[in-house]
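Report on the following structure.
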Amino acid sequence: MDKTDLETYQVQLSQVEAALSADPENNELISLRSELIELIELTQAAIAQQEAAAASSKAESSKKAAAATASSSKVWAAGDDCLAKYSGDGQWYPARIASVGGSADNRVYSIVFKGYNNTELVNASQIKPLPANYQGPTASASNKRKLSKAEEEEREKKKKKNEKKLEVKAAKAKEQQEKQQSWQKFAKKSEKKGIHIAGVTGTSIFKTPDNPLGKVGVTGSGKGMTGVAPRTKHKFEITDDPNA
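Here the sequence shown stands for residues 1 to 244, where the numbers follow the working numbering.
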């Protein structure tokens with residue numbers, strides 16, 4: 001996610017809000033607006049995180065030389081906390097030494113990355129002491145392990161799927177708005193020509209008279225109420241004609 005994505009989501013949100021102003025009860029538009037607001041918030045948080053990571057990585061580079069010197073003279077033991085280089089991306093992450101092996105001149109350490117439980121074998125050049133002001137795995141964005149290629153592809157796939165979903169919803173909302181505007185124009189033209197369309201000008205198609213005993217009719221039909229036929233008893237007559 002970058003600033004280009006953020007601008008795209010903001011434009012889409014403005015379009016949805018414009019459509020909602022014409023149809024505030026449209027549930028699809030309301031749902032779409034909520035999803036866009038959530039996407040914008042997530043994108044803004046991701047951008048802020050990236051900027052913080054860039055700033056912290058610059059400061060981290062200035063400490064690498066001093067840390068390398070300290071690491072070379074450090075005697076490590078099982079249970080010690082450290083920063084270890086992850087073979088997947090070459091970055092440093094919090095870890096704990098599970099065991100120590102190898103010779104005195106070439107130590108090999110079995111380490112476990114905190115929060116991920118990944119176990120790797122590293123040498124002395126691939127581990128270093130934790131910084132003095134270290135507060136835990138979440139203290140800095142640079143301490144977070146980068147996603148693997150498969151994880152990155154899955155995240156990109158979900159991103160494209162969400163964008164496609166938003167495009168479809170936006171297209172449906174636009175189509176609905178165009179239909180509504182077309183109907184409103186037709187209704188206004190008909191009204192100017194003296195043609196009354198029931199239900200368009202705010203009058204219900206069902207008309208109730210003021211009389212509480214009155215019955216409901218339909219406006220615009222040009223006919224009065226249907227009369228109620230009186231109830232009568234049918235009389236059977238016997239005739240001699242068999243075909244009667």
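For glycine and all other residues, C-beta sits at the position ideal for the given N, C-alpha and C.
Residue from Leu39, Asn123 and Tyr93 with nearest C-alpha to threonine 8: Your numbering for residue 8 matches position 8 in the sequence shown. Considering only alpha carbons, the answer is Leu39.
Which residues DSSP lists as bridging serine 99, in chain order: Here residue 99 corresponds to residue number 99 of the sequence shown, with the count starting at 1. According to DSSP, serine 99 bridges with Ser110.
CB of serine 110 within 8 Å of CB of threonine 119, strictly: Translated into the one-based positions of the sequence shown, residue 110 becomes position 110. Translated into the one-based positions of the sequence shown, residue 119 becomes position 119. Yes, the Cβ-Cβ distance between serine 110 and threonine 119 is below 8 Å.
Residues of its chain near lysine 85, where Cβ-Cβ distance is below 6 Å and the 5 sequence neighbours each way are ignored: The sequence position of residue 85 within the sequence shown is 85, counting from 1. So the qualifying residues of the chain are Trp92 and Gln126.
Where tryptophan 76 falls: helix, strand or coil (DSSP): Numbered from 1 along the sequence shown, position 76 holds the residue referred to as residue 76. Coil at tryptophan 76, not helix or strand.
Of the listed residues Thr43, Ser14 and Ile30, nearest to threonine 4 (C-alpha basis): One-based indexing of the sequence shown puts residue 4 at position 4. Here the closest residue by C-alpha is Thr43.
Straight-line gap, serine 87 to alanine 95 (C-alpha atoms, nearest Å): Your numbering for residue 87 matches position 87 in the sequence shown. Your numbering for residue 95 matches position 95 in the sequence shown. Each residue's Cα considered, the two are about 13 Å apart.
Coil, strand or helix - aspartate 81 by DSSP: Residue mapping note: residue 81 aligns to position 81 of the sequence shown, counting from 1. It is a strand residue.
C-beta contact flag for leucine 121 and valine 100 at 8 Å: Residue mapping note: residue 121 aligns to position 121 of the sequence shown, counting from 1. Residue mapping note: residue 100 aligns to position 100 of the sequence shown, counting from 1. Cβ atoms of leucine 121 and valine 100: not closer than 8 Å.
Straight-line gap, alanine 170 to glutamate 191 (C-alpha atoms, nearest Å): Here residue 170 is taken as the residue at index 170 of the sequence shown, counted from 1. Here residue 191 is taken as the residue at index 191 of the sequence shown, counted from 1. About 31 Å.
Any non-hydrogen atom of the ligand SAH closer than 7 Å to proline 131 Cβ: This structure does not include the ligand SAH; it has no bound ligands of any sort.
Host alpha helix (DSSP H) of threonine 4 (start-end): Counted from its first residue, the sequence shown places residue 4 at position 4. Where threonine 4 is concerned, the enclosing alpha helix (DSSP H) starts and stops at 3 to 22.
Classification of alanine 139 by the beta-carbon crowding that lies within 10 angstroms, buried from 16 upward: Counting from one through the sequence shown, the residue named residue 139 turns up at place 139. Low confidence applies here, because alanine 139 scores a pLDDT of 40, under 50, leaving its location unreliable; read the following figure in that light. Answer is exposed; the Cβ neighbour count stays below 16.
Integer Cβ distance of lysine 128 from leucine 83, believed to fall under 8 Å: Here residue 128 corresponds to residue number 128 of the sequence shown, with the count starting at 1. Here residue 83 corresponds to residue number 83 of the sequence shown, with the count starting at 1. Indeed they touch by this definition, with Cβ atoms about 5 Å apart.
Classification of asparagine 143 by the beta-carbon crowding that lies within 10 angstroms, buried from 16 upward: Taking the sequence shown and counting its residues from 1, the one referred to as residue 143 is at position 143. Residue placement at asparagine 143 cannot be trusted, given a pLDDT of 48 that sits under 50; what the coordinates show is reported in the next sentence. With 16 or more other Cβ atoms within 10 Å, it is buried.
Spatial neighbours of phenylalanine 113 in its chain, beta-carbon cut-off 6 Å, leaving aside the 5 residues before and after: Mapped onto the sequence shown, residue 113 falls at position 113. Contacts found: Tyr93 and Ala95.
Whole-angstrom C-beta distance between valine 11 and leucine 29, which should lie under 8 Å: Residue mapping note: residue 29 aligns to position 29 of the sequence shown, counting from 1. Residue mapping note: residue 11 aligns to position 11 of the sequence shown, counting from 1. Actually they do not touch by this definition, with Cβ atoms about 16 Å apart.
Reduced DSSP secondary structure (H/G/I, E/B, other) of threonine 119: If you number the sequence shown from 1, residue 119 lands on position 119. Threonine 119 falls in the strand class under three-state DSSP.
Bridge-paired residues (DSSP) for tryptophan 92: Locating residue 92 in the sequence shown gives position 92, counting from the first residue. In DSSP, tryptophan 92 forms a bridge with Lys85.
Range of the contiguous alpha helix (DSSP H) that encloses leucine 42: Reading the sequence shown from its first residue, position 42 is the one you call residue 42. For leucine 42, the uninterrupted alpha helix (DSSP H) segment begins and ends at 27 to 61.
Test item: CB-CB of leucine 36 and alanine 173 under 8 Å: On the sequence shown, position 36 is the one that residue 36 refers to. On the sequence shown, position 173 is the one that residue 173 refers to. Not a contact, by the Cβ cut-off of 8 Å.
Rounded distance between the beta-carbons of isoleucine 97 and alanine 77, thought under 8 Å: Position 77 of the sequence shown holds residue 77. Position 97 of the sequence shown holds residue 97. About 7 Å; that satisfies the 8 Å criterion.
C-beta atoms of glutamine 176 and asparagine 26 nearer than 8 Å: Counting from 1 along the sequence shown, the entry for residue 176 is found at position 176. Counting from 1 along the sequence shown, the entry for residue 26 is found at position 26. Cβ distance < 8 Å, so glutamine 176 and asparagine 26 count as in contact.
Among Glu152, Glu51 and Ala55, nearest to aspartate 89 - alpha-carbon criterion: Numbered from its first residue, the sequence shown carries residue 89 at position 89. Considering only alpha carbons, the answer is Glu152.
Start-to-end residues for the alpha helix (DSSP H) that takes in lysine 235: As a working mapping, residue 235 is identified with position 235 in the sequence shown. Element bounds for lysine 235: n/a, residue is neither H nor E.
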